[in-house]
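Numbering (numbering that gives the first Met the number 0), first residue to last: 0 to 339.
Note that the Cβ used here is the ideal one computed from N, Cα and C, for glycine as well.
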Amino acid sequence: MGVIRRISSLDPKQGLGMAARFGKQQEEKLLASNNGEGGGGGGLVSGTPQAFEGNGMVRVSKDSEEFILLRHRFYSSIGSLVPHCSLVDLHRVLYSTPTRRTRWEAFHRSLEAVAQKHDGNANDKFAFAEASKDRIIQIVNDGFDVSGTPEDGGYFGLGLYVTPEPVAINSVMSSVVDRDGLRHVMLCRVILGRTEEVVRGSGQSQPGSVDFDSGVDDMKFPTRYVVWYPEVNSRVLPLYVLSIKVDFRSRGLHQEPISRPTSPWISIRNLICVLSKCLPRSTMCQIKKIHCEFMERKFSRQQLVSRIRQVAGDKILLAAIRSFRAKRAAAASLASRRRD
């Protein structure tokens with residue numbers, strides 16, 4: 000079972016887990032594997048595409064807490080597109096060989112150095128990087144290729160472009176479809192430090208000054224993080240590979256939209272956020288699994304509410320809703336006094 004630890008103290012042989020955000024507070028939940036080696040080398044059949052499992056990665060069971068939490072995080076980032084973008088497979092990157100362990104250690108040295116430079120805040124984020132299946136295997140084992148021009152023409156300079164979580168769908172739709180009809184994206188932990196806006200077409204290849212560490216395409220609403228090539232393999236750490244089936248033909252583009260709640264009390268996402276603070280992680284895992292199935296349109300909103308009530312209990316739900324409403328009212332009152 001996973002344990003909560005700081006990421007810098009986790010043995011890389013155990014693999015890296017997924018961080019979950021509860022409201023504005025970000026906690027790092029590291030779900031360690033029972034077998035850090037991931038089951039060995041895994042022979043490949045000649046003439047067939049390489050498999051992720053055994054090539055520096057281990058498959059995560061769909062019934063595991065790790066899979067459910069990460070699927071919920073991904074689905075929350077793509078919202079209404081969930082019915083057309085199903086997460087069908089998940090692999091965790093392992094850092095058990097000397098070469099991969101060296102990159103893991105280099106990342107954490109950079110994390111500490113950038114944090115020290117910016118008063119303890121390395122500004123590390125989670126972001127997605129897309130690549131073909133074979134290319135992902137190469138990245139996991141040998142690191143990112145930092146030679147040549149980025150695949151999209153280098154409009155934002157010479158660096159690795161990764162996609163922020165809120166616009167994860169951009170990475171999914173930019174990825175290559177493999178022979179099985181799947182797209183693959185890597186969830187990475189990225190050290191950004193202090194960012195600067197990169198002018199499109201500027202050909203920038205390094206920070207504009209010693210005060211900056213990385214770039215973005217837009218300071219207010221970034222859709223790309225730019226990590227300059229010299230720093231890529233010490234500031235971008237792949238954690239997971241998500242394999243996604245994209246299909247806009249099924250489940251009808253013209254299907255009736257999911258009904259929205261008419262109650263002013265609380266949204267499902269806010270409810271889950273509040274419940275996360277008072278329910279055990281195992282219970283929250285059940286609730287997030289239910290929410291994922293709802294986002295996949297497997298059942299109605301009424302059934303969603305009924306199932307959450309069965310898991311959490313009415314007493315806890317009412318307390319969570321009242322707590323949320325009280326905090327929202329207090330925040331509104333404070334904002335009103337400040338305006339006056």
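Taken atom to atom, the span from the alpha-carbon of Arg296 to that of His290 is near 10 angstroms. DSSP places Tyr239 within a strand segment (E or B) once states are collapsed to three. Cα atoms of Asp88 and Ala50: separation of roughly 12 angstroms, rounded to the nearest angstrom. A Cβ-Cβ separation of about 6 angstroms places Val113 in contact with Asp212 under the 8 angstroms criterion. Separation of the CB atoms of Ala126 and Val198 is rounded to 21 angstroms, and the pair is thereby denied contact status at 8 angstroms. Lys219 and Ser204 have their alpha carbons spaced roughly 22 angstroms apart.
In this structure the region 59-73 touches the region 274-294; the number of beta carbon pairs closer than 8 angstroms is three or more.
Pairwise C-beta distances place the region 272-280 out of contact with the region 124-141, as fewer than three of them are shorter than 8 angstroms. In this structure Gly214 does not touch Val231 by the C-beta definition: roughly 13 angstroms separates them, more than the 8 angstroms allowed. Taking a C-beta distance under 8 angstroms as the contact criterion, Lys116 and Leu191 do not qualify as a contact pair. Counted as a single uninterrupted DSSP element, the stretch harbouring Arg199 is not any alpha helix (DSSP H), since DSSP gives it neither H nor E.
Within the DSSP bridge table, the entry for Gly214 names Glu195, Val225 as partners.
Assignment of Asp88 by DSSP, reduced to helix, strand and coil, places it in the strand class. Taking all protein chains in view, the Cβ of Leu110 is crowded by 16 or more other Cβ atoms within 10 Å, so the residue is classified as buried. For Gly158, the three-state secondary structure derived from DSSP is strand. By the Cβ-count criterion, Thr162 is buried, with 16 or more other Cβ atoms from all chains shown falling within 10 Å of its own Cβ.
For His107, the enclosing alpha helix (DSSP H) starts and ends at 97-116. In the three-state reduction of the DSSP assignment, Phe247 falls in the coil class, being assigned neither a helical nor a strand state.
When secondary structure is reduced to three states using DSSP, Cys187 falls in the strand class. Taking Thr282 as reference, the option from Leu238, Val184, Ile307, Gly200 with the minimal CA-CA separation is Ile307. Rounded to whole angstroms, the gap between the alpha carbons of Ser233 and Gly142 is 10 angstroms. Sequence-distant Cβ neighbours of Thr148 in its own chain, meaning closer than 8 angstroms and more than five residues away, are Leu157.
Taking the Cα of Gln302 as reference, the smallest distance to any Cα among Leu80, Arg338, Ile267, Ser173 is reached at Ile267.
DSSP, reduced to helix, strand and coil, places Phe73 within a helical segment of the structure shown. Taking C-alpha positions only, Gly119 is separated from Arg193 by approximately 12 angstroms. Per DSSP, Val166 lies in no beta strand (DSSP E) and is assigned neither H nor E. Here the C-alpha atom of Cys187 lies approximately 19 angstroms from the C-alpha atom of Leu181. Residue range 123-129 is occupied by the beta strand (DSSP E) that includes Glu129. Judged by their CB atoms, Asn140 and Asn54 are nearer to each other than the 8 angstroms cut-off. Following the DSSP letters along the chain, one finds Val273 inside the alpha helix (DSSP H) bounded by residues 267-274.
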